[in-house]
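The block underneath contains the structure these notes are about, expressed in structure tokens.
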Amino acid sequence: MNTLLFLITCIIWSTTWAMIKIGVEETPIMLGLGLRFVIAGLFLYVIIKIKNRKIPFDSQLIKLYLVSGLITMAFSYYCTYYGTKFIPSGLSSILWTTLPLFVGIFSHFILPGGKLSFWKFISIIIAIGGTSIILSDQSLIFSKDLLVGSLIILIGVVASAWPNVYLKIHNDYDSLVLTCMAMLIAGFIHLMGATISNQWDKMVWDFKNLGAIIYLGILGSAIAFYIYYTLLQRINVVKVTFITLIVPIFATMVGWAFLKERVTVKEILGGIIILLGVFLYDWDKYKLILIQNKK
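Using our numbering, the first residue of the sequence shown is number 125, and each one after it goes up by one.
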């Protein structure tokens with residue numbers, strides 16, 4: 125079941141970079157994020173009510189709501205949207221593949237039993253290298269915009285890494301409720317910022333932009349993050365963030381299957397290297413199994 129949930133999240137998030145690129149062209153950033161997260165939060169709130177779930181407000185859970193809502197959804201996503209204005213969506217995707225590395229570093233120092241061994245560190249670097257190969261066909265011309273956009277997105281990635289470890293430590297939460305509250309908090313923050321900065325008048329209210337926002341809200345946020353937070357409770361925190369490494373493979377497959385895009389040798393090679401890196405992350409476990417089987 126965990127593998128199926130992992131794959132579903134990969135499939136959903138393999139389509140979101142293109143949607144973000146569509147949305148940031150004619151949608152002010154804070155307004156787009158605010159609408160995305162409010163739609164997601166309200167969608168989940170309806171499900172919570174249908175299921176007769178309660179929304180608890182004890183001090184520890186409030187901290188979890190705020191950490192997820194303010195840091196992951198509000199700040200980190202703002203950095204991603206803002207940075208994507210300056211650089212190609214493919215490069216944004218590459219930068220986000222560094223998330224397992226930063227999560228591994230935080231986990232090493234904070235999470236009991238979360239030590240990042242040298243071999244695990246190397247396996248993450250190998251997988252990141254595979255993603256870079258998949259997306260290396262893009263022609264990138266170094267410029268101030270490219271540098272600024274990349275740095276802003278990396279700040280967002282680092283900011284998103286710590287909450288993953290924090291949620292792993294304090295994992296006694298209802299993932300449906302946590303996702304709902306985090307989305308509503310982030311949505312309120314962004315809509316407030318959009319109102320103060322007069323972004324409502326700058327929004328192009330056409331089918332393309334509204335469709336992208338609704339898609340990102342329901343599928344890219346509500347459903348994907350509900351699954352993501354569920355996985356955080358069940359499996360290793362670094363392995364959950366491997367989703368960001370697998371997404372480029374699925375994006376390539378989607379393009380081949382539905383858009384008739386040609387699959388290049390680089391994309392095949394990059395996909396193999398990513399899967400090799402993911403496999404090597406658990407090499408110590410596989411080696412132990414082999415030793416036990418020989419006895």
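By construction, the Cβ of each residue, glycine as well, lies at the ideal position given by its N, Cα and C atoms. Nothing here was measured: the structure is a model prediction, and the numbers come from that model.
How big is the Cα-Cα spacing for residue i and residue j?
| i | j | result |
| --- | --- | --- |
| Arg160 | Thr204 | 14 Å |
| Ile229 | Ile279 | 15 Å |
| Thr319 | Val170 | 26 Å |
| Leu393 | Val387 | 11 Å |
| Ala283 | Ala306 | 15 Å |
| Ile250 | Ile367 | 15 Å |
| Ser267 | Leu185 | 43 Å |
| Leu225 | Tyr201 | 18 Å |
| Ser241 | Tyr405 | 9 Å |
| Lys175 | Leu128 | 23 Å |
| Leu356 | Trp141 | 22 Å |
| Thr222 | Asn333 | 29 Å |
| Pro372 | Leu190 | 30 Å |
| Gly401 | Glu391 | 15 Å |
| Ile347 | Val364 | 16 Å |
| Arg358 | Gly341 | 24 Å |
| Trp407 | Lys209 | 39 Å |
| Ile146 | Phe331 | 11 Å |
| Asp296 | Trp286 | 17 Å |
| Gln323 | Trp329 | 12 Å |
| Asp269 | Val378 | 29 Å |
In terms of alpha-carbon separation, which member of the options lies closest to residue i?
| i | options | result |
| --- | --- | --- |
| Ala310 | Ile132, Val162, Pro152, Trp137 | Val162 |
| Ile144 | Phe130, Gly317, Ser216 | Ser216 |
| Trp220 | Ile252, Gly344, Leu340, Ile359 | Ile252 |
| Gly420 | Thr303, Val371, Gly238 | There is simply no residue 420 to check, as the chain begins at 125 and stops at 419 in what is shown. |
| Asp298 | Gly238, Pro152, Lys178, Ile313 | Lys178 |
| Ile153 | Met316, Ile293, Leu300 | Met316 |
| Ile211 | Val272, Arg358, Asp325 | Val272 |
| Gly238 | Phe374, Ala375, Tyr290, Ile172 | Tyr290 |
| Ala375 | Phe331, Leu343, Ser138 | Ser138 |
| Ile370 | Ile248, Gly207, Ala381 | Ile248 |
| Val301 | Gly158, Gly156, Leu188, Met125 | Leu188 |
| Glu150 | Ser274, Tyr206, Phe233, Ile313 | Tyr206 |
Determine the DSSP secondary structure at residue i, reduced to helix, strand or coil.
| i | result |
| --- | --- |
| His294 | coil |
| Trp220 | helix |
| Leu393 | helix |
| Phe130 | helix |
| Asp325 | helix |
| Ser138 | coil |
| Arg386 | coil |
| Pro180 | coil |
| Asn333 | helix |
| Leu235 | coil |
| Leu302 | helix |
| Lys244 | helix |
| Phe366 | coil |
| Thr208 | helix |
| Lys187 | helix |
| Pro152 | coil |
Could you check whether the Cβ of residue i sits closer than 8 Å to any Cβ belonging to chain D?
| i | result |
| --- | --- |
| Ile373 | Considering every chain present, this structure includes no chain D. It has just one protein chain. |
Three or more beta-carbon pairs under 8 Å between the stretch 130-138 and the stretch 348-364, yes or no?
yes
Inter-stretch contact (C-beta, 8 Å, three-pair minimum) for the stretch 244-261 and the stretch 384-398
yes
Enumerated in chain order, which unbroken segments of the beta strand (DSSP E) with a length of 3 residues or greater are wholly contained in the stretch 265-289?
none
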